[in-house]
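K.L.:
So that we are looking at the same thing, I have put the structure below in structure tokens.
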């Protein structure tokens, strides 16, 4: 068991990977499987109660690795939503709030303007996050989401913003699914260094489903060089958690324990 | 009519935009609409006969702007297929053969290796293309196609290969749909200069359909800054044809004349 515990030392299970598994069951499942970390999402946490979720996870001895998510800076209430998300992260003991920055405003074609607004919004939120002890982690999303979810499409762009701040205040998420295709990704990971706030893994498979959101596979089931990316992130100095985060309707239809077990298997076989 | 003819001077109708319109009807439709250029595809041309298609188009007074497509360098018969495609382009009077370079080989995760093989394959084909007077045009495809269609995902990558050759022998395709999201696209278009062998337009809409191949919209119906891209391509020194190329099941279901007319309208309103 010691060998397995050591092998899982950096493993974190993002709760979205077992979308329909109730929070207490995810927590119990992680404990039973010897998983030390968990990534949480605002919506299920709100449904359970933020304080109550914080206590549940703390009492179980789990480390909260990230809270998903802030961002969506095109929404009218983005200031209020993001300040609240920072506060929830602090309450949960999550050191990192993942930011999905939002796409183009409705009817707009001005992608440069949208990108500038992300930088402005992050600058505006940074003091509040700093005071709360939460790192704002800008997540570049795959360019197929540029129009409707996230105008930050590469690690390079995320770093162009994050580097204006101290690494503890604003960082970046390296999610293998979003960056694997980029011929500059290894150079950008090296550049990212201390700004890497989170490393997430899943895998790329085709054909992509309608809407392309739920097309991700468990680690090892697709074509991403996960170990190579993990080694690059390590070489850049990142020593933090490695989260498995999969959105896939077929995966979500399976029992939570089975999904967690498959996530661990893929992680041990393909990532570390 | 002179004003319209001048406005359509660079317009080319890619026959894939009206997928089910038989070749003689596309040609007659282009002539009737005052369209000077046409982009052809190998499969429908082969169905009609290459020599016969060449005569049909020539007799109609149309200019063939591109032949789609060569590439797919992971196929076993890629050498033979691409040499044949070059010869067909020459027969048709198409100055440009569009290359879709292919994705990862089945079961492979080695994207660097696949990219190196594209460069090698282009180098191997270049003398034959040069002798035939056909430019091999490397088309970067949107990164959502990196795994299964084209490991060349950015204009920068396409240029890294094309620049090893004379511009008349190997060039690049700037297709708005594939490059609009890239924060470096305007710098890369400026860099591309004489290597721009083709400029294609359509538009980006969401949600993407299953398989993401048929999600394109007519120019003006989506979020791409088409005029800005066209102006950038012009500034880089490109004076050639501007092809409308749309893959969309709903567009394909409409009568060919209507699709051509809508393509022209979008071009006049949003591109030039």
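Protein chains in written order, with full-length UniProt numbering: chain P, 1 to 272; chain U, 1 to 272. Even glycine gets a Cβ: it sits at the ideal position worked out from N, Cα and C. Keep in mind it's a predicted model, so treat the numbers as computed, not measured.
Extract the residue ranges of the alpha helix (DSSP H) inside the region 100-137 of chain U, only unbroken runs of 4 or more that lie entirely within it.
P.N.:
With a minimum length of 4 residues, the continuous alpha helix (DSSP H) runs that stay inside the region 100-137 of chain U are 111-132.
K.L.:
Considering only the alpha carbon of each residue, which of U:50, U:93, U:89 lies closest to residue 62 of chain U?
P.N.:
For this step, residue 62 of chain U is matched to residue 62 along the second chain. Minimum Cα distance to residue 62 of chain U is reached at U:93.
K.L.:
Residues in the region 195-222 of chain U with C-beta within 7 Å of chain P's C-beta atoms, listed in sequence order?
P.N.:
Within the region 195-222 of chain U, the qualifying residues are 204, 206, 207, 208, 209, 210, 211, 212.
K.L.:
Quick one: residues in its chain with C-beta nearer than 8 Å to the C-beta of residue 75 of chain U, no 5 flanking neighbours on either side, listed in chain order?
P.N.:
Locating residue 75 of chain U in the second chain gives position 75, where the first residue counts as 1. Excluding sequence neighbours, residue 75 of chain U sits near 81, 102.
K.L.:
What span of residues does the alpha helix (DSSP H) with residue 41 of chain U cover, start to end?
P.N.:
Along the second chain, read from residue 1 onward, the residue named residue 41 of chain U stands at position 41. From DSSP, residue 41 of chain U is part of no alpha helix (DSSP H) but of the beta strand (DSSP E) over 37-41.
K.L.:
What does residue 199 of chain P pair with, by DSSP beta-bridge criteria?
P.N.:
In the first chain, counting from the first residue as 1, residue 199 of chain P sits at position 199. Residue 199 of chain P pairs with P:174, P:242.
K.L.:
I'd like to know whether the C-beta of residue 95 of chain P is nearer than 9 Å to at least one C-beta of chain U.
P.N.:
Mapped onto the first chain, residue 95 of chain P falls at position 95. Residue 95 of chain P does not count as touching chain U.
K.L.:
Which residue wins for smallest C-alpha separation from residue 46 of chain P, given the options P:65, P:69, P:58, P:36?
P.N.:
Against the first chain, residue 46 of chain P aligns to sequence position 46. Among P:65, P:69, P:58, P:36, the Cα nearest to that of residue 46 of chain P belongs to P:69.
K.L.:
State buried or exposed for residue 197 of chain U, treating a residue as buried only when at least 16 other CB atoms are found within 10 Å of its CB.
P.N.:
In the second chain, residue 197 of chain U corresponds to position 197, counting from 1. Buried, since its Cβ has 16 or more Cβ neighbours within 10 Å.
K.L.:
Using the Cα positions of residue 216 of chain U and residue 246 of chain U, report the straight-line distance between them to the nearest angstrom.
P.N.:
Within the second chain, residue 216 of chain U is the residue found at index 216, counting from 1. Within the second chain, residue 246 of chain U is the residue found at index 246, counting from 1. Approximately 6 Å between the Cα atoms of the pair.
K.L.:
Going by alpha carbons, who is nearest to residue 57 of chain U out of U:262, U:43, U:30, U:117?
P.N.:
Here residue 57 of chain U refers to the residue found at position 57 of the second chain. Among U:262, U:43, U:30, U:117, the Cα nearest to that of residue 57 of chain U is on U:30.
K.L.:
Three or more C-beta pairs under 8 Å: does that hold for the region 197-207 of chain P against the region 166-179 of chain P?
P.N.:
With the cut-off at 8 Å, the region 197-207 of chain P and the region 166-179 of chain P touch.
K.L.:
Taking three-plus beta-carbon pairs below 8 Å as touching, is the region 14-32 of chain U in contact with the region 257-264 of chain P?
P.N.:
No, they do not touch.
K.L.:
Can you check which of these residues, P:104, P:123, P:51, P:112, is closest to residue 90 of chain P by C-alpha distance?
P.N.:
Residue mapping note: residue 90 of chain P aligns to position 90 of the first chain, counting from 1. Per the Cα distances, P:51.
K.L.:
For the region 27-73 of chain P, which segments carrying the alpha helix (DSSP H) assignment without a break, of at least 4 residues, lie completely within its bounds, in sequence order?
P.N.:
Here the runs fully enclosed are 42-48, 50-59.
K.L.:
So, helix, strand or coil for residue 216 of chain P, using DSSP?
P.N.:
Your numbering for residue 216 of chain P matches position 216 in the first chain. Strand, per DSSP.
K.L.:
Can you list the residues of chain U that residue 239 of chain P reaches, using a CB-CB cut of under 9 Å?
P.N.:
Start at 1 with the first residue of the first chain, and residue 239 of chain P comes out as number 239. Ordered by position in chain U, no residue passes the 9 Å Cβ test against residue 239 of chain P, which lies about 25 Å from the chain.
K.L.:
Under 6 Å Cβ to Cβ from residue 248 of chain P, same chain only, skipping five residues before and after it: list those, please.
P.N.:
In the first chain, residue 248 of chain P corresponds to position 248, counting from 1. So the qualifying residues of the chain are 214, 216.
K.L.:
Would residue 143 of chain U be called buried (16 or more neighbouring beta carbons within 10 Å of its own) or exposed?
P.N.:
Position 143 of the second chain, counted from the start, is the residue given in the question as residue 143 of chain U. Buried, since its Cβ has 16 or more Cβ neighbours within 10 Å.
K.L.:
Judging by CA-CA distance, which residue of P:65, P:32, P:25 is the nearest neighbour of residue 48 of chain P?
P.N.:
Here residue 48 of chain P refers to the residue found at position 48 of the first chain. Measuring from the Cα of residue 48 of chain P, the nearest candidate turns out to be P:25.
K.L.:
For residue 39 of chain P, count neighbouring Cβ atoms within 10 angstroms of its own Cβ and tell me buried if that reaches 16, exposed if not.
P.N.:
Here residue 39 of chain P refers to the residue found at position 39 of the first chain. When all chains shown are included, residue 39 of chain P counts as buried.
K.L.:
Are residue 151 of chain P and residue 111 of chain P closer than 9 Å when you measure CB to CB?
P.N.:
Reading the first chain from its first residue, position 151 is the one you call residue 151 of chain P. Reading the first chain from its first residue, position 111 is the one you call residue 111 of chain P. Yes. Within cutoff.
K.L.:
Should residue 109 of chain P go down as buried or exposed, given a rule of 16 or more other Cβ atoms within 10 Å for buried?
P.N.:
The residue you call residue 109 of chain P lines up with position 109 of the first chain. Result: buried.
K.L.:
Starting from the beta carbon of residue 146 of chain U, find every residue of chain P whose beta carbon is closer than 7 Å, and list them in chain order.
P.N.:
As a working note, residue 146 of chain U is residue 146 in the second chain. Result: 181.
K.L.:
Just reading off the alpha helix (DSSP H) that residue 261 of chain U is part of, what are its end residues?
P.N.:
In the second chain, residue 261 of chain U corresponds to position 261, counting from 1. Its alpha helix (DSSP H) spans residues 256-270.
K.L.:
Going by beta-carbon coordinates alone, are residue 176 of chain U and residue 201 of chain U separated by less than 9 Å?
P.N.:
Translated into positions along the second chain, residue 176 of chain U becomes position 176. Translated into positions along the second chain, residue 201 of chain U becomes position 201. Cβ distance < 9 Å, so residue 176 of chain U and residue 201 of chain U count as in contact.
K.L.:
Name the chain U residues whose beta carbon is nearer than 8 Å to that of residue 142 of chain P?
P.N.:
Position 142 of the first chain holds residue 142 of chain P. The answer, in chain order, is 143, 144.
K.L.:
For the putative contact between residue 244 of chain U and residue 267 of chain U, defined by C-beta atoms under 8 Å, what is the C-beta separation to the nearest angstrom?
P.N.:
Here residue 244 of chain U is taken as the residue at index 244 of the second chain, counted from 1. Here residue 267 of chain U is taken as the residue at index 267 of the second chain, counted from 1. With 8 Å as the limit, residue 244 of chain U and residue 267 of chain U qualify as a contact, their Cβ atoms being about 6 Å apart.
K.L.:
Counting only Cβ pairs nearer than 9 Å, list the residues of chain P close to residue 153 of chain U.
P.N.:
Here the question's residue 153 of chain U lines up with position 153 in the second chain. In chain order: 143, 181, 182, 183.
K.L.:
Can you check whether the C-beta of residue 115 of chain U is within less than 9 Å of a C-beta belonging to chain P?
P.N.:
Here the question's residue 115 of chain U lines up with position 115 in the second chain. Yes, because at least one Cβ of chain P sits closer than 9 Å to the Cβ of residue 115 of chain U.
K.L.:
Establish whether the CB of residue 101 of chain U and some CB of chain P are separated by less than 9 Å.
P.N.:
Locating residue 101 of chain U in the second chain gives position 101, where the first residue counts as 1. So, not an interface residue.
K.L.:
From the DSSP output, read off the bridge partner residues of residue 223 of chain P.
P.N.:
The residue given as residue 223 of chain P occupies position 223 in the first chain. Residue 223 of chain P pairs with nothing; no bridge assigned.
K.L.:
Would you call residue 65 of chain P buried or exposed, if buried means 16 or more other Cβ atoms sit within 10 Å of its Cβ?
P.N.:
Residue mapping note: residue 65 of chain P aligns to position 65 of the first chain, counting from 1. Buried, because 16 or more other Cβ atoms sit within 10 Å of the Cβ of residue 65 of chain P.
K.L.:
Less than 8 Å between the CB atoms is what I'm expecting for residue 137 of chain U and residue 96 of chain U, so what's the real figure, rounded?
P.N.:
For the purposes of this step, residue 137 of chain U is identified with residue 137 of the second chain, where counting begins at 1. For the purposes of this step, residue 96 of chain U is identified with residue 96 of the second chain, where counting begins at 1. Indeed, because the Cβ distance is near 5 Å, the residues count as touching under 8 Å.
K.L.:
Taking beta-carbon pairs under 8 Å, can you tell me which members of the region 157-171 of chain P lie near chain U?
P.N.:
Correct list: 157.
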